Amino acid sequence: MDFSRVELSDDDEAFRDEARNFLKAQVTEEVGRRDRETGDNFDEGVHLAFGAAGYLALEWKSESDGGFSRVRRRIWEQEKRRAHVPWVTWGTTAMVARSVAKFGSAELQNEVLPRVFSGEVRLCLGYTEPEGGSDIATCKTRAVRDGGSWLINGSKMFTTGAHNCQYVFLITNTAPDSPKHKSLTMFLVPLNSPGIEIQGLRTVDGDRTNIVYYSDVRVDDKYRLGEVNAGWTVLREPLNTEHGAVAAAADGLQDTSIMMHQAGSMATAVDKAVARVTQPDPSGRRLLDDQSVAYRLGRSFARMEAALSAPSIYGRVAIAQTMRDISPDLMDILGAASALPFGTDGAADDGGAEHVYRFAPLVGIYGGTLEVFRNMIGQYTLGLGKPNYSAPVKKVS
Amino acid sequence: MDRYELRRLDYSLSEDHLDLQSAYKQFFKTHCPIETVRAAEPSGFDKNLWERLCAMGATTMALPESCGGDGATLVDLTLVAEEIGRSLAPVPWIDHICAARLLASLGALGDETASETASVADGEQLAAFDARIDSAQGARLIPTGSIADHIIVRDGDQIVRLTFGTRPAKVDNIGRLPMAWVDPGAADARTVVAQGCDALAKYQRALDEWRLLTAAALVGLVEETMTIAAEFAKNRYTLGVPISTLQGISHPLANMAITVQGGRNLTRRAAWFLDNEPDVRPELAPSAFVFMAEEAAKAATMAVHIQGGLGVSAEAAASAYLVRARGWPLAGGDPGTSAKRVAEIVAARESSPQVAQV
Numbered sequence: 583m584d585f586s587r588v589e590l591s592d593d594d595e596a597f598r599d600e601a602r603n604f605l606k607a608q609v610t611e612e613v614g615r616r617d618r619e620t621g622d623n624f625d626e627g628v629h630l631a632f633g634a635a636g637y638l639a640l641e642w643k644s645e646s647d648g649g650f651s652r653v654r655r656r657i658w659e660q661e662k663r664r665a666h667v668p669w670v671t672w673g674t675t676a677m678v679a680r681s682v683a684k685f686g687s688a689e690l691q692n693e694v695l696p697r698v699f700s701g702e703v704r705l706c707l708g709y710t711e712p713e714g715g716s717d718i719a720t721c722k723t724r725a726v727r728d729g730g731s732w733l734i735n736g737s738k739m740f741t742t743g744a745h746n747c748q749y750v751f752l753i754t755n756t757a758p759d760s761p762k763h764k765s766l767t768m769f770l771v772p773l774n775s776p777g778i779e780i781q782g783l784r785t786v787d788g789d790r791t792n793i794v795y796y797s798d799v800r801v802d803d804k805y806r807l808g809e810v811n812a813g814w815t816v817l818r819e820p821l822n823t824e825h826g827a828v829a830a831a832a833d834g835l836q837d838t839s840i841m842m843h844q845a846g847s848m849a850t851a852v853d854k855a856v857a858r859v860t861q862p863d864p865s866g867r868r869l870l871d872d873q874s875v876a877y878r879l880g881r882s883f884a885r886m887e888a889a890l891s892a893p894s895i896y897g898r899v900a901i902a903q904t905m906r907d908i909s910p911d912l913m914d915i916l917g918a919a920s921a922l923p924f925g926t927d928g929a930a931d932d933g934g935a936e937h938v939y940r941f942a943p944l945v946g947i948y949g950g951t952l953e954v955f956r957n958m959i960g961q962y963t964l965g966l967g968k969p970n971y972s973a974p975v976k977k978v979s
Numbered sequence: 006m007d008r009y010e011l012r013r014l015d016y017s018l019s020e021d022h023l024d025l026q027s028a029y030k031q032f033f034k035t036h037c038p039i040e041t042v043r044a045a046e047p048s049g050f051d052k053n054l055w056e057r058l059c060a061m062g063a064t065t066m067a068l069p070e071s072c073g074g075d076g077a078t079l080v081d082l083t084l085v086a087e088e089i090g091r092s093l094a095p096v097p098w099i100d101h102i103c104a105a106r107l108l109a110s111l112g113a114l115g116d117e118t119a120s121e122t123a124s125v126a127d128g129e130q131l132a133a134f135d136a137r138i139d140s141a142q143g144a145r146l147i148p149t150g151s152i153a154d155h156i157i158v159r160d161g162d163q164i165v166r167l168t169f170g171t172r173p174a175k176v177d178n179i180g181r182l183p184m185a186w187v188d189p190g191a192a193d194a195r196t197v198v199a200q201g202c203d204a205l206a207k208y209q210r211a212l213d214e215w216r217l218l219t220a221a222a223l224v225g226l227v228e229e230t231m232t233i234a235a236e237f238a239k240n241r242y243t244l245g246v247p248i249s250t251l252q253g254i255s256h257p258l259a260n261m262a263i264t265v266q267g268g269r270n271l272t273r274r275a276a277w278f279l280d281n282e283p284d285v286r287p288e289l290a291p292s293a294f295v296f297m298a299e300e301a302a303k304a305a306t307m308a309v310h311i312q313g314g315l316g317v318s319a320e321a322a323a324s325a326y327l328v329r330a331r332g333w334p335l336a337g338g339d340p341g342t343s344a345k346r347v348a349e350i351v352a353a354r355e356s357s358p359q360v361a362q363v
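Here the protein sequences come in this chain order: A and B. Residue numbers for the first sequence follow the numbering used here, so the first one is 583 and each next one is one higher. Residue numbers for the second sequence follow the numbering used here, so the first one is 6 and each next one is one higher.
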């Protein structure tokens with residue numbers, strides 16, 4: 583057990599200062615403003631600068647392969663958060679690039695990976711379908727072999743970042759009559775292929791995601807990842823990563839659970855509320871002097887710290903649930919001015935708590951709904967058995 | 006607070022921690038089955054179990070080496086507390102060691118000037134204290150007041166040790182604790198053990214430790230009542246399927262597992278900071294308590310509910326957990342006071358000029 587400050591060598595300290603300065607110079611107010619305006623959670627200029635400075639390769643590669651040491655990786659991670667670097671598209675890119683490295687042909691790896699490290703190529707996830715929800719195995723998007731290539735038809739929801747990406751990691755159905763886990767084939771589809779239409783969709787938290795339509799999209803067989811109908815093998819690892827069922831690190835240089843970016847927005851809101859309630863009004867009265875404010879703030883703080891402490895998939899549920907549970911209280915104690923969003927004149931906490939409130943519903947569905955993860959905890963850690971559902975009904979259309 | 010400060014987040018237990026944990030788990034499993042818990046309900050205290058526990062070194066471990074103790078860390082103590090909660094052990098270990106550690110920190114434990122408390126260290130004499138944050142006037146409920154030889158309370162800026170010729174009478178209570186109304190004015194002897202700001206700060210530290218260890222006990226309590234309910238649900242069928250496979254049952258059980266994991270890690274992190282950097286995150290101990298006090302009651306109620314008519318039976322283990330989940334944290338007064346304390350600590354930190362925003 584150890585929660586101490588990490589003692590840095592002179593070299594690592596120099597690295598931290600350099601990274602901090604670099605990030606400060608890159609992530610300008612303009613980047614932040616553009617990010618809020620577009621909801622992209624991605625900035626091409628910043629991303630290309632990361633690539634040019636070598637940070638993308640250092641972050642992606644393992645230490646033995648020339649990547650960051652454990653301690654520098656952790657420094658980099660924390661400093662990026664401190665600087666509020668837009669993060670979502672690099673997250674999907676790094677994850678999909680692992681599948682390309684593992685399952686892609688040498689030719690495909692050469693086409694994609696060097697440009698992933700330079701920042702020119704970004705990758706997104708084509709999992710969820712309009713009718714599919716969290717169960718990605720119920721895939722209706724079809725891929726049909728046609729000579730040396732494939733024809734793809736269908737549509738995907740929540741392909742976040744597609745408009746800033748060059749390829750999509752696409753789940754397709756190649757054997758509609760087979761059991762669902764033996765019917766999937768994965769492709770890395772170039773997004774400039776004819777027949778792809780990307781339609782933006784803004785979400786209630788201010789982010790942008792996309793619906794992507796695929797109409798007779800022709801994809802060369804070299805873009806296939808893994809064997810035909812063995813998509814599940816390819817997907818298992820990235821899904822596990824996204825689920826956050828990851829063992830704790832012995833050196834403590836790792837997040838306690840997944841969703842720490844999202845949890846960070848909650849921590850920021852709580853800390854802002856703490857700062858706000860200590861400010862005296864012209865008569866010298868502080869919000870904190872109201873005992874009901876102190877009680878609600880203390881309770882919210884306590885619940886947040888419990889959520890930040892929960893490991894693995896427990897943590898991801900705790901974080902999403904706690905964001906939902908405490909954001910209304912945080913808003914209440916700050917009063918009517920907590921209704922004003924970021925940048926608005928007189929906003930109580932610069933829109934911190936109201937953003938957590940709008941963000942929380944999304945955090946509870948990323949990479950699977952809260953129900954999916956409660957099922958997993960029940961089935962795999964408490965041994966409660968596979969959930970029972972009522973018998974399938976014939977769909978009436 | 007700098008949320009991006011580079012600190013380790015290592016919640017793992019060492020070999021020594023694991024040995025300690027398994028020794029106490031085994032001890033309570035052997036010596037404190039649910040029948041023992043039930044049998045002790047009239048008095049709220051199993052003297053035989055207490056003597057065995059003391060013989061194992063559970064009280065001396067908690068004291069500093071300067072007082073003849075083993076200088077265990079609070080992290081160590083949370084491991085023992087969790088097993089007490091898991092087994093619902095009818096022993097006043099948390100109150101006793103918090104009071105004894107307080108006396109030790111005030112230099113009032115068993116040296117030449119305090120020979121009267123010489124048998125407190127090994128648990129032969131019992132120490133109790135007023136676990137409320139908001140200092141009470143007059144008669145007040147002391148969680149282990151009916152069995153204690155020494156009762157420590159605050160009076161203004163004094164820390165006072167009270168003794169009674171006849172111990173105060175135990176009152177019936179939902180936590181099945183050896184609780185009593187104690188009127189300091191009626192004590193047969195009143196000794197001022199310390200006075201002033203520093204003494205009050207040490208009393209506050211004892212209150213924080215009590216909350217920390219009670220939170221740890223509630224983690225064990227919730228985990229055990231969850232486990233019993235889960236076993237029941239796996240073996241109870243409705244319409245041909247185990248009720249554990251219904252989300253109306255499995256999701257509340259999953260929530261309990263999340264409470265255990267989050268509450269346990271928070272408790273241990275809070276303990277680590279009190280052990281190693283006590284001024285850095287002092288709000289974590291009352292935070293763990295606020296969280297577990299609220300969640301324990303919800304979890305214990307759901308565990309009873311899952312077992313339906315069998316759960317509500319007075320003989321069911323689930324009902325034994327239900328009453329203690331409420332009664333143990335409440336013995337320290339309104340848990341909301343701890344929530345306010347959390348807010349005061351973090352607000353004071355934010356408005357302090359030393360806060361370095363890097």
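Cβ atoms here follow ideal geometry from the backbone N, Cα and C, with glycine treated the same way. Since we're looking at a predicted model, the values are computed, not measured.
- [ ] Reducing DSSP to helix, strand and coil, say where B/V347 ends up.
- [x] Position 342 of the second sequence, counted from the first residue, corresponds to residue 347 of chain B. Three-state result, B/V347: helix.
Task: First and last residue of the uninterrupted beta strand (DSSP E) at A/T754 - done: On the first sequence, residue 754 of chain A is found 172 positions in, with the first residue counted as 1. Annotation for A/T754: the continuous beta strand (DSSP E) segment containing it runs Y749 to N755.
Open item on the list: For the segment 267-278 of chain B, list every residue whose C-beta sits within 7 Å of some C-beta in chain A, in sequence order.
Closed with: The residues in question are G267, G268, N270, L271, R273, R274, W277 and F278.
Open item on the list: Under 8 Å, Cβ to Cβ, is there at least one residue of chain B near A/N755?
Closed with: Taking the first residue of the first sequence as position 1, residue 755 of chain A is located at position 173. So no, A/N755 is outside the interface.
Open item on the list: Please identify the residue among A/N957, A/N746, A/H763 and A/D872 whose C-alpha is closest to the C-alpha of A/I753.
Closed with: Residue numbering aside, residue 753 of chain A sits at position 171 when the first sequence is read from its first letter. For the residues A/N957, A/N746, A/H763 and A/D872, the minimum Cα distance to A/I753 belongs to A/H763.
Task: B/V339 to B/D188 span [Cα, whole Å] - done: As a position in the second sequence, residue 339 of chain B is number 334, starting the count at 1. As a position in the second sequence, residue 188 of chain B is number 183, starting the count at 1. Checking the sequence shown, residue 339 of chain B turns out to be Asp, not Val. If you take the alpha carbons of B/D339 and B/D188, they lie about 20 Å apart.
- [ ] Kindly indicate if chain A contains any beta-carbon less than 8 Å away from that of B/P364.
- [x] Residue 364 of chain B is absent from the structure shown; chain B starts at 6 and stops at 363.
Task: B/F296 versus B/P173, B/R195 and B/T272, residue with shortest Cα-Cα distance - done: Within the second sequence, the letter at position 291 stands for residue 296 of chain B. When C-alpha distances from B/F296 are compared across B/P173, B/R195 and B/T272, the shortest belongs to B/T272.
Open item on the list: Please confirm whether B/S151 has its beta-carbon closer than 8 Å to some beta-carbon of chain D.
Closed with: Looking at the structure shown, chain D is missing, and the protein chains on hand are A and B.
- [ ] Please report how far the alpha carbon of A/N792 lies from the alpha carbon of A/T675, in whole angstroms.
- [x] Translated into the one-based positions of the first sequence, residue 792 of chain A becomes position 210. Translated into the one-based positions of the first sequence, residue 675 of chain A becomes position 93. Straight-line measurement puts the Cα of A/T675 at about 16 Å from the Cα of A/N792.
TODO: Over the uninterrupted beta strand (DSSP E) stretch that includes A/W732, give me the two end residues.
DONE: Here residue 732 of chain A corresponds to residue number 150 of the first sequence, with the count starting at 1. Residues S731 to K738.
Task: Through-space distance from A/E936 to A/A918, alpha-carbon basis - done: Sequence index remark: in the first sequence, residue 918 of chain A carries index 336 (1-based). Sequence index remark: in the first sequence, residue 936 of chain A carries index 354 (1-based). Linking A/A918 to A/E936 through their CA atoms gives a straight-line distance of about 11 Å.
Task: Own chain residues within Cβ distance below 7 Å of A/V564, not counting five before or after - done: Because residue 564 of chain A is not part of the residues shown, which for chain A are 583 to 979, the question remains open.
TODO: With 8 Å as the threshold, decide whether the Cβ of A/M848 is near any Cβ in chain B.
DONE: What you label residue 848 of chain A is simply residue 266 of the first sequence in a count that begins at 1. Taking CB atoms only, A/M848 has no neighbour in chain B less than 8 Å away.
TODO: For the beta strand (DSSP E) containing A/T815, list its first residue and its last residue.
DONE: One-based indexing of the first sequence puts residue 815 of chain A at position 233. From DSSP, A/T815 is part of no beta strand (DSSP E) but of the alpha helix (DSSP H) over G813 to H825.
- [ ] Could you tell me whether the segment 762-776 of chain A touches the segment 924-934 of chain A, using the rule of 3 or more Cβ pairs below 8 Å?
- [x] Touching, no.
TODO: Report all residues from its chain with a CB closer than 6 Å to the CB of A/N755; omit the five preceding and five following residues, and keep chain order.
DONE: By one-based count along the first sequence, residue 755 of chain A stands at place 173. The beta carbon of A/N755 is closer than 6 Å to those of C721, R724 and S765 in its chain, skipping five residues each way along the sequence.
Open item on the list: Using a Cβ-Cβ distance cut-off of 8 Å, determine whether B/S255 contacts chain A.
Closed with: In the second sequence, the residue the question calls residue 255 of chain B occupies position 250. With its beta carbon less than 8 Å from one in chain A, B/S255 belongs to the interface.
- [ ] Compare the C-beta of A/A719 with all C-beta atoms of chain B and state if any pair is closer than 8 Å.
- [x] Along the first sequence, one-based indexing puts residue 719 of chain A at 137. Against chain B, the CB of A/A719 has no partner CB under 8 Å away; the residue lies outside that interface.
Open item on the list: In whole angstroms, give me the CA-to-CA distance for A/M824 and A/T951.
Closed with: By one-based count along the first sequence, residue 824 of chain A stands at place 242. By one-based count along the first sequence, residue 951 of chain A stands at place 369. The question names Met, but residue 824 of chain A is Glu in the sequence shown. Between the alpha carbons of A/E824 and A/T951 lies a distance of about 12 Å.
Task: Assumed close pair B/I138, B/I147 - CB separation to whole angstroms, cut-off 8 Å - done: Within the second sequence, residue 138 of chain B is the residue found at index 133, counting from 1. Within the second sequence, residue 147 of chain B is the residue found at index 142, counting from 1. B/I138 to B/I147, Cβ: 14 Å. No contact.
Open item on the list: Any beta carbon of chain B sitting closer than 8 Å to that of A/R885?
Closed with: For the purposes of this step, residue 885 of chain A is taken as the residue at position 303 of the first sequence. With its beta carbon less than 8 Å from one in chain B, A/R885 belongs to the interface.
TODO: Determine the chain A residues that contact B/E355 at a beta-carbon separation under 8 Å, and present them in chain order.
DONE: Position 350 of the second sequence holds residue 355 of chain B. Chain A residues near B/E355: D853, V856, A857 and T860.
Open item on the list: Please state the DSSP three-state secondary structure of B/Q312.
Closed with: Mapped onto the second sequence, residue 312 of chain B falls at position 307. Three-state DSSP puts B/Q312 in coil, outside helix and strand.
Task: Which residues DSSP lists as bridging A/M768, in chain order - done: Start at 1 with the first residue of the first sequence, and residue 768 of chain A comes out as number 186. Answer by DSSP bridge pairing, in chain order: A/I753 and A/L807.
Open item on the list: Quick check: B/M184 and B/S151, are their CB atoms within less than 8 Å of each other?
Closed with: As a working note, residue 184 of chain B is residue 179 in the second sequence. As a working note, residue 151 of chain B is residue 146 in the second sequence. Closer than 8 Å, so yes.
TODO: Would you please state the rounded distance, in angstroms, between the beta carbons of B/R159 and B/L205? I believe it to be under 8 Å.
DONE: Counting from 1 along the second sequence, the entry for residue 159 of chain B is found at position 154. Counting from 1 along the second sequence, the entry for residue 205 of chain B is found at position 200. With a Cβ gap of about 7 Å, B/R159 and B/L205 count as contacting.
Open item on the list: Using only CA atoms, which one of A/G967, A/P772, A/F924 and A/L821 lies nearest to A/D803?
Closed with: Counting from 1 along the first sequence, the entry for residue 803 of chain A is found at position 221. Checked all of A/G967, A/P772, A/F924 and A/L821; the closest Cα to A/D803 is A/P772.
Task: Three-way DSSP call (helix, strand, coil) for A/Y939 in this model - done: For the purposes of this step, residue 939 of chain A is taken as the residue at position 357 of the first sequence. Annotated three-state conformation of A/Y939 is helix, per DSSP.
Open item on the list: For B/A234, tell me which candidate among B/D24, B/T65, B/A325 and B/T149 has the shortest Cα-Cα distance.
Closed with: Taking the second sequence and counting its residues from 1, one reaches residue 234 of chain B at position 229. Taking only the C-alpha atoms, the option nearest B/A234 is B/A325.
- [ ] At 8 Å on the CB atoms, spell out the chain A contacts of B/H281, in chain order.
- [x] Numbered from 1 along the second sequence, position 276 holds the residue referred to as residue 281 of chain B. One detail in the question is off: residue 281 of chain B reads as Asn in this sequence, not His. By Cβ distance, chain A contributes F585 and S586.
Task: Segment limits, alpha helix (DSSP H) that includes B/D21 - done: Within the second sequence, the letter at position 16 stands for residue 21 of chain B. Counting along the chain, the alpha helix (DSSP H) containing B/D21 begins and ends at E20 to H36.
TODO: Whole angstroms is fine: what's the gap from B/N270's alpha carbon to A/A596's?
DONE: Residue mapping note: residue 270 of chain B aligns to position 265 of the second sequence, counting from 1. Residue mapping note: residue 596 of chain A aligns to position 14 of the first sequence, counting from 1. Approximately 33 Å, taken between the alpha carbons.
Open item on the list: Taking its Cβ as the centre, do 16 or more other Cβ atoms sit within 10 Å of A/R885, making it buried, or is it exposed?
Closed with: Here the question's residue 885 of chain A lines up with position 303 in the first sequence. With a 10 Å radius around the Cβ and a threshold of 16 neighbouring Cβ atoms, A/R885 comes out buried.
TODO: With B/W4 as the anchor, note down where its alpha helix (DSSP H) starts and where it stops.
DONE: Nothing can be reported for residue 4 of chain B: it is not among the residues displayed for chain B, which extend from 6 to 363.
Task: Cβ separation of B/P291 and B/V347, assumed to be a contact under 8 Å, to the nearest whole Å - done: Translated into the one-based positions of the second sequence, residue 291 of chain B becomes position 286. Translated into the one-based positions of the second sequence, residue 347 of chain B becomes position 342. Indeed, because the Cβ distance is near 5 Å, the residues count as touching under 8 Å.
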